[in-house]
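Colleague:
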Amino acid sequence: MLNQVLVLLFRLLPIGVLTLSLLSGSAIAADEDEELGSILTLSPEFCITSADENVCELTLVLEWKNEFFRPICILSDYKEMAKWCAESAETHSLTLTISATDDIQFVMIDKETHQTLAGVKLKVTPAAEPKVRRRYRNPWSLF
Amino acid sequence: MKNLRVLLLTCILFPIFAWADPVDSYGSEYQCIEIGRWDIGLALGYGSRSNPLKDYDDIPIYLVPTFAYYGDYWYFDNGNIGYTLVEDEKYTINLTTSFSTDSAFFHRWDPSNIFLTGSNNFEPSALFSETRVTLMGEEQSVPTANELETRHFTYLGGVEAYIYTRIGILNLSLAHDLLNVHQGTEAKLKWLYNLSIEEWKFELALVLDWKSEEVVDYYYAIRPSENAYWSQNYQAESAINTSIELTSHYVLAKHWQLLFLARYTQIADEIVASPLLNKDYTSTFFVGTAYRF
C-alpha cells in the first residue's frame with residue numbers, strides 16, 4: 001500500500017515541479033514592472049465598431065509615469081504611428097486620433113537602453129452581428 | 144410520361160451538381176434574413192406568364208415586388224404566413240399558408256398576379272358557343288354555354304418540411320383549403336439547389352405538385368350551368384403537375400441586382416383534358432433590374 005502511494009507521488013512529481021515553475025515565472029513577470037517603476041495607461045481602452053463601417057475612429061490619450069527620470073519612446077503596431085519619442089522628460093502624455101479595425105498594442109521603452117518599461121492595448125471589438133435566420137422562400141419566386 | 148421526363152432531367156442534373164465544388168446550399172446570402180426587419184425589394188423589367196386557358200391572354204409582367212418579415216418563430220414571406228415548429232441544422236418544420244396558384248389564370252388581380260400589368264382578357268368568356276363534337280360517329284351540336292362562373296382565389300394552410308443536404312434542399316408540403324372554396328388538398332415535393340459563382344447566384348428547382356380531385360374539379364371542370372355536355376363528359380381527377388424553375392440574380396451593387404427568372408410547368412394530363420385548356424403547359428419568364436431596400 002505504501003509502495004503504491006510512493007509510486008503515485010513519484011509520478012505526480014514532474015507536474016508539481018512544472019506548476020511551481022510557471023507560478024513563480026508569472027510572479028517574477030509581475031514584479032518586473034513594479035521594479036522598473038513605470039506605468040502606462042490608455043484612455044479609452046475599448047472601442048466597439050459601428051455595424052456599417054466596422055472601423056473605430058476615436059481620440060486616444062496615453063499617459064505614463066516613471067519613477068526614475070528617463071527619456072521614453074512609444075512603439076505601436078498602428079501603421080500611422082510605429083514609433084514616437086518624447087522630446088523631454090517633462091512630457092507625460094500623448095494624444096492620438098486613430099482609425100482602426102483591429103487591436104492596437106502600445107509599448108513604452110527606454111529611449112536609450114530600449115528596455116521595455118510598460119505596455120497597454122486598445123481592444124477593438126466589432127458590433128454584434130444582427131440576428132438572422134433561414135429564409136424559406138426565394139424572394140423573387142412569386143410565380 | 145411527363146413525370147418521367149422530369150425524372151430523367153433530375154438524373155442528368157443531380158450528378159453534375161453533386162460533382163461541383165462543395166457549396167453550402169442553404170447558406171447563400173438570400174437564404175438568410177435578418178430577424179425583426181422588413182426585407183423589401185422591387186424589380187422592374189419585362190416578362191410574361193403564358194395562360195393555358197383557352198381564349199385567355201398571357202399575363203405580362205413589368206413589376207415584381209418582394210416583401211418579407213421574419214420574427215423568431217413567425218414569418219411573413221410574400222403573402223405567406225408561417226410559424227416555425229422546429230428549426231434544426233438539418234431540417235425545418237413549419238406551419239404555413241400558400242396561395243392557390245390555379246386561380247391566377249382566371250383573375251387579373253389574383254394575388255399571384257400582383258403588380259403584373261397590361262391589357263388582358265380576364266372576363267369569363269363563352270368558350271363553347273361554337274363547339275361541335277363527334278360522338279359515336281355522329282356530329283352533334285353542343286348546347287351554347289353560359290359564361291364561366293367565377294373561380295375564386297383561396298388560401299391553403301398546412302405543414303411543410305425542409306431537409307438540408309449537401310446536394311440541395313428537399314421541400315415537402317401538404318396544405319388544405321382554408322377558406323372553404325373547394326375543400327381540396329395540395330401536396331408538393333420540391334428539390335432546390337443553390338449555386339454561387341462569384342456575383343452570380345443561381346437557384347434551380349424541380350417540383351412535383353399534386354392537386355386533389357376537389358381542386359381540379361373546382362378550377363377546371365365545367366359546371367352544369369356553364370355547359371351541360373362538358374359537365375358530363377369531363378370528370379376531374381387528382382393530378383400532378385411537374386415544373387422546373389431557374390431563379391438567378393447578379394449582384395451589381397449593395398442594393399442593385401439583375402434578375403433572370405424562368406419557370407416551365409408541364410400540366411398534368413388530367414387537367415389538360417379539361418375543355419377549358421388549349422395548352423398542356425404554362426411558362427413564365429422575367430428579366431429585369433431589382434432594388435433591395
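Heads up: the protein sequence lines correspond to chains A and B, in order. Sequential numbering of the first sequence, starting at 1, is according to our numbering. Sequential numbering of the second sequence, starting at 144, is according to our numbering. Backbone N, C-alpha and C define an ideal beta-carbon position, used for all residues, glycine too. These numbers come from a predicted model, not from an experiment.
For B:K86, I'd like the list of residues in its chain whose CB is within less than 6 Å of its CB, leaving aside the five on either flank, ordered along the chain.
Modeller: The shown model of chain B, from 144 to 436, leaves out residue 86 of chain B, and the question about it has no answer.
Colleague: On the DSSP bridge assignment, give the partners of A:M108 in chain order.
Modeller: Along the first sequence, one-based indexing puts residue 108 of chain A at 108. Answer is A:I74, A:A118, bridged to A:M108.
Colleague: Between the alpha carbons of B:A433 and A:S141, how many angstroms are there, rounded?
Modeller: Position 290 of the second sequence holds residue 433 of chain B. Position 141 of the first sequence holds residue 141 of chain A. Between B:A433 and A:S141, the C-alpha separation is close to 13 Å.
Colleague: Alpha carbon to alpha carbon, how far is B:A348 from B:Y372?
Modeller: Stepping through the second sequence from its first residue, residue 348 of chain B is reached at position 205. Stepping through the second sequence from its first residue, residue 372 of chain B is reached at position 229. So the alpha carbons of these two residues sit roughly 39 Å apart.
Colleague: Can you list the residues of chain A that B:G188 reaches, using a CB-CB cut of under 7 Å?
Modeller: Taking the first residue of the second sequence as 1, we reach residue 188 of chain B at position 45. Result: empty, since nearest Cβ-Cβ is about 11 Å, beyond 7 Å.
Colleague: Assign B:T297 to one of three DSSP states: helix, strand, or coil.
Modeller: Here residue 297 of chain B corresponds to residue number 154 of the second sequence, with the count starting at 1. Coil, per DSSP.
Colleague: Is there at least one Cβ from chain A nearer than 9 Å to B:K354's Cβ?
Modeller: Start at 1 with the first residue of the second sequence, and residue 354 of chain B comes out as number 211. Answer no: the Cβ-Cβ gap between B:K354 and chain A never drops below 9 Å.
Colleague: Give the straight-line distance between the Cα atoms of A:E144 and A:D102, rounded to the nearest whole angstrom.
Modeller: Past the boundaries of the shown model lies residue 144 of chain A; chain A is included only from 1 to 143, so the question cannot be answered.
Colleague: How far does the alpha helix (DSSP H) with B:Q375 in it reach, from first residue to last?
Modeller: In the second sequence, counting from the first residue as 1, residue 375 of chain B sits at position 232. Here the alpha helix (DSSP H) through B:Q375 covers 371-376.
Colleague: Buried or exposed for B:F229, please, with buried defined as at least 16 other CB atoms from any protein chain shown within 10 angstroms of its CB.
Modeller: On the second sequence, position 86 is the one that residue 229 of chain B refers to. With the sequence shown as reference, residue 229 of chain B is identified as Val, and Phe is not the correct amino acid for it. Flag for B:V229 reads exposed.
Colleague: State the beta-bridge partners of B:G179 as determined by DSSP.
Modeller: By one-based count along the second sequence, residue 179 of chain B stands at place 36. Paired residues: none, contrary to the question.
Colleague: Does any residue of chain A bring its CB to less than 9 Å from the CB of B:R435?
Modeller: Within the second sequence, residue 435 of chain B is the residue found at index 292, counting from 1. Yes, its Cβ sits closer than 9 Å to a Cβ of chain A.
Colleague: Taking only three categories from DSSP, how would you classify A:S26?
Modeller: By one-based count along the first sequence, residue 26 of chain A stands at place 26. Reliability of the predicted coordinates at A:S26 is poor, the pLDDT of 38 falling under 50, and the value obtained from them is presented with this limitation in mind. In this structure, A:S26 counts as helix in the three-state DSSP scheme.
Colleague: If I measure Cβ to Cβ from B:T240 and keep anything under 6 Å in the same chain, skipping five residues before and after, which residues do I get?
Modeller: On the second sequence, position 97 is the one that residue 240 of chain B refers to. Cβ neighbours of B:T240 beyond the five flanking positions: N223, I224, Y298, G300.
Colleague: If you drop the 5 nearest sequence neighbours on each side, which residues of the same chain put their C-beta closer than 6 Å to that of B:L332?
Modeller: The residue given as residue 332 of chain B occupies position 189 in the second sequence. These residues qualify, in order along the chain: L315, L351.
Colleague: Beta carbon of B:H325, beta carbon of B:Y362: below 9 Å?
Modeller: Start at 1 with the first residue of the second sequence, and residue 325 of chain B comes out as number 182. Start at 1 with the first residue of the second sequence, and residue 362 of chain B comes out as number 219. Yes. Within cutoff.
Colleague: Starting from B:V415 and walking both ways along the alpha helix (DSSP H), at which residues does that stretch end?
Modeller: In the second sequence, residue 415 of chain B corresponds to position 272, counting from 1. Its alpha helix (DSSP H) spans residues 412-415.
Colleague: Out of curiosity, what's the CA-to-CA distance linking B:R245 and B:E342?
Modeller: The sequence position of residue 245 of chain B within the second sequence is 102, counting from 1. The sequence position of residue 342 of chain B within the second sequence is 199, counting from 1. In the sequence on display, residue 245 of chain B carries Asp and not Arg. Each residue's Cα considered, the two are about 35 Å apart.
Colleague: If we call anything under 9 Å between Cβ atoms a contact, is A:T59 one with A:T95?
Modeller: What you label residue 59 of chain A is simply residue 59 of the first sequence in a count that begins at 1. What you label residue 95 of chain A is simply residue 95 of the first sequence in a count that begins at 1. Against a cut-off of 9 Å, the Cβ pair of A:T95 and A:T59 comes out as a contact.
Colleague: Does the distance from the CB of B:I410 to the CB of B:Y393 come in under 9 Å?
Modeller: Position 267 of the second sequence, counting from 1, holds the residue named residue 410 of chain B. Position 250 of the second sequence, counting from 1, holds the residue named residue 393 of chain B. Contact: no.
Colleague: Please check if any C-beta of chain A sits within less than 9 Å of the C-beta of B:D167.
Modeller: Here the question's residue 167 of chain B lines up with position 24 in the second sequence. Residue confidence is low: B:D167 scores 47 on pLDDT, short of 50, so the model does not pin down where it sits. No coordinate-derived value is stated.
Colleague: Kindly identify the DSSP beta-bridge partner or partners of A:E57.
Modeller: Along the first sequence, read from residue 1 onward, the residue named residue 57 of chain A stands at position 57. Answer is A:S99.
Colleague: Tell me which same chain residues have a C-beta within less than 7 Å of the C-beta of B:Y377, skipping the five on either side of it?
Modeller: The count along the second sequence starts at 1 and reaches residue 377 of chain B at position 234. These residues qualify, in order along the chain: A364, I365, A416, S417, P418.
Colleague: Assign A:E99 to one of two classes, buried (16 or more other C-beta atoms within 10 Å of its C-beta) or exposed (fewer than that).
Modeller: Locating residue 99 of chain A in the first sequence gives position 99, where the first residue counts as 1. Residue identity differs from the one stated: residue 99 of chain A is Ser in this sequence, not Glu. It counts as exposed.
Colleague: Quick one: what's got a C-beta closer than 8 Å to B:S355's C-beta in the same chain, skipping five residues either side?
Modeller: What you label residue 355 of chain B is simply residue 212 of the second sequence in a count that begins at 1. So the list reads G327, T328, E329, S381, once near-sequence residues are dropped.
Colleague: B:Y173 CB to nearest chain A CB: under 9 Å?
Modeller: Counting from 1 along the second sequence, the entry for residue 173 of chain B is found at position 30. With a pLDDT of 45 at B:Y173, under the threshold of 50, the modelled position of this residue cannot be trusted; read the value that follows with caution. So, interface residue.
Colleague: Spatial neighbours of A:T116 within its chain, please: C-beta separation below 7 Å, excluding the five flanking residues on both sides.
Modeller: In the first sequence, counting from the first residue as 1, residue 116 of chain A sits at position 116. The residues are V107, I109.
Colleague: Using a beta-carbon distance below 9 Å, is A:V130 in contact with chain B?
Modeller: Indexing the first sequence from 1 puts residue 130 of chain A at position 130. Residue 130 of chain A is actually Pro in this sequence, not Val. Closer than 9 Å: yes.
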